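Novice:
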Amino acid sequence: MQKLEDFDLVEKAFYLSTDVVDIARSLLGMYLYTSILGAPPCLAKIVETEAYRAPDDKGSHAYQNKKTKRTEVMFRTGGISYIYLCYGIHEMFNVVTGPKDCAHAILIRAVEPVTGIEEIKKRRKKENLSDCCNGPGKLCAALGIDRSFNASTLYDPASNIRIYRKNTPIINDIISSPRVGIAYAGESANLPWRFRIESSPFTSKPDEVNYG
DNA sequence: GCGACGATTCGCT
DNA sequence: GCGAATCGTCGCG
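So the mapping is simple: my numbering equals the position in the first sequence, first residue as 1, plus 122.
Dropping the structure here:
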């Protein structure tokens, strides 16, 4: 069992870069921590991310800086969560990055459970651990993340959702490829902004996408 | 108001 | 591989 003392809370400055693609890559190997009332805390290593870069990215909810009730949190200063409901069923967890009015976000697509394993299996009703967090909707269910945690501050030790890094840096084998499920995004669809730790058995489906 | 649809998942064929 | 589930959001009238 790993102890949280072996990790450092990722500082606010990390989220403020305007290079969302670079941050998406850097998040690989960092750790998502959730402490939900009434449940054991969970820690999980981030193994897959996708960058969404408004205003020019047609895949982004904030394409052309379209600001609505839902996307408003994307325009806030980086370092907070953007959580929305997809297909009326699944919650999606994003990390908002960049300075105020820079509507960049990073979708967390897969994580590898580290602690809170039993709670994760219980929430997912799955015994096979590698099928608990290998998708953006799955990991939210597994870690107890829902829209009530939208706009949570990820660098605040008092938040229910936080991001940590290990004290000792690690080298990851990273591959990039087109993002999943954005066929509607035209020429933005093939941008290689999906990042995975190639050797991880905990990344999501599909292995490849093809938008023609 | 109303209708179309989505940064997905699961179960069945 | 395919279709259903399921509802908030958004654009249009």
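Using N, Cα and C, we set each Cβ at its ideal position, and we do this for glycine too.
Since this is a predicted model, take the numbers as computed values, not measurements.
1. When DSSP labels each residue in this structure, what does Ser-331 get in the three-state scheme?
2. Can you tell which of Ala-305, Gln-186, Cys-255 and Pro-163 has the C-alpha that lies nearest to the C-alpha of Ser-326?
3. What's the gap between the Cα of Leu-154 and the Cα of Phe-317?
4. For Arg-269, name the three-state secondary structure that DSSP assigns.
5. So, under 8 Å CB-CB, Phe-271 and Ser-322 are touching, yes? Tell me the CB distance rounded to an integer number of Å.
6. Where do the ends of the alpha helix (DSSP H) carrying Lys-148 lie?
7. Pick out whichever of Asp-268, Cys-164 and Ser-310 has its Cα sitting closest to the Cα of Val-236.
8. Within its chain, find whatever has a CB closer than 7 Å to the CB of Asp-223; leave out the 5 residues flanking it on each side and keep chain order.
9. Grouping DSSP H, G and I as helix and E and B as strand, with all else coil, what is Asn-216?
10. Just to confirm the assignment, what range does the alpha helix (DSSP H) spanning Arg-301 have?
Specialist: Let's see:
1. Mapped onto the first sequence, residue 331 falls at position 209. The displayed chain sequence assigns Val, not Ser, to residue 331. Residue state, collapsed to three classes: coil.
2. Translated into positions along the first sequence, residue 326 becomes position 204. Ranking Ala-305, Gln-186, Cys-255 and Pro-163 by Cα distance to Ser-326 puts Cys-255 first.
3. The sequence position of residue 154 within the first sequence is 32, counting from 1. The sequence position of residue 317 within the first sequence is 195, counting from 1. If you take the alpha carbons of Leu-154 and Phe-317, they lie about 16 Å apart.
4. Taking the first residue of the first sequence as 1, we reach residue 269 at position 147. Note: Arg-269 maps to helix in three-state DSSP.
5. In the first sequence, counting from the first residue as 1, residue 271 sits at position 149. In the first sequence, counting from the first residue as 1, residue 322 sits at position 200. Contact between Phe-271 and Ser-322 does not hold, since the beta-carbon distance rounds to 25 Å and is not under 8 Å.
6. Taking the first sequence and counting its residues from 1, the one referred to as residue 148 is at position 26. Sequence check: residue 148 is Ser here, not Lys. Note, Ser-148: alpha helix (DSSP H), 142-149.
7. Numbered from 1 along the first sequence, position 114 holds the residue referred to as residue 236. A check of alpha carbon separations from Val-236 across Asp-268, Cys-164 and Ser-310 identifies Cys-164 as the nearest.
8. Working through the first sequence from its first residue, we reach residue 223 at position 101. Cβ neighbours of Asp-223 within its own chain (closer than 7 Å, five residues either side excluded): Phe-197.
9. Walking along the first sequence from the start, residue 216 turns up at place 94. In this structure, Asn-216 counts as strand in the three-state DSSP scheme.
10. As a first step, residue 301 is located in the first sequence; it is residue number 179 there, counting from the start. Run containing Arg-301: none; DSSP gives neither H nor E here.
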